[in-house]
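In full-length UniProt numbering, the protein residues as written are 1 to 111.
Beta carbons: idealized from backbone N, C-alpha and C, even for Gly.
Computed from a predicted model, the values in this text were never measured in an experiment.
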Amino acid sequence: MLKAKPNLESRIRTLKRDWSIVYDMLSGKNNSGFGWDEHRQLVVAEDTSHKEAAQFKHRSFPYYDQLTAIYAKDRATGKDAQTAADIIEEIDLEDVATKNTHEERNNFHGC
């Protein structure tokens, strides 16, 4: 067993947490005033409107692109999200389709 394993796991969790914060800032809905400096590998943000970005403004994040390739595919985007009303409507449509199928079968068999 590696003695460094707990340290590696802790570092991976920290990298993922930091990546997640930066990723959400850059790709979120309220990302006006945010940017990414590709040359310096750090977040660019307006001081007045984005105080939560302060910890990343002067700290390089050189593995951002690699971590994005690893973790971004596992992030929920909300693309297929449904409201309760959407789900109820879908269930109602399925119920009608099922009822119609049963009626067609009964008519076919002469019942």
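For residue i and residue j, I'd like the C-alpha separation in whole angstroms.
i     : j     : result
Phe61 : Arg40 : 9 Å
Lys73 : Leu67 : 10 Å
Asp24 : Ile12 : 18 Å
Arg59 : Val22 : 12 Å
Lys3  : Ile87 : 50 Å
Ser10 : Glu94 : 47 Å
Pro6  : Thr14 : 12 Å
Glu46 : Glu90 : 44 Å
Ser32 : Thr83 : 27 Å
Taking Cβ to Cβ, would you say residue i is nearer than 8 Å to residue j?
i     : j     : result
Tyr64 : Lys16 : no
Trp19 : Leu26 : no
Less than 8 Å between C-beta atoms, sequence neighbours within five positions excluded: which residues of the same chain meet that for residue i?
i           : result
Val43       : Val22, Met25, Leu26, Phe34, Gly35, Trp36, Asp37, Ala53, Phe56, Lys57 and Phe61
residue 117 : Missing from the structure shown is residue 117; the chain here goes from 1 to 111 and no further.
Using the DSSP secondary-structure output, state which residues sit across from residue i in a beta bridge.
i     : result
Gly35 : Val44
Of all Cβ atoms in chain C, is any one closer than 8 Å to the Cβ of residue i?
i    : result
Pro6 : No chain C appears in the structure shown, which is made up of a single protein chain.
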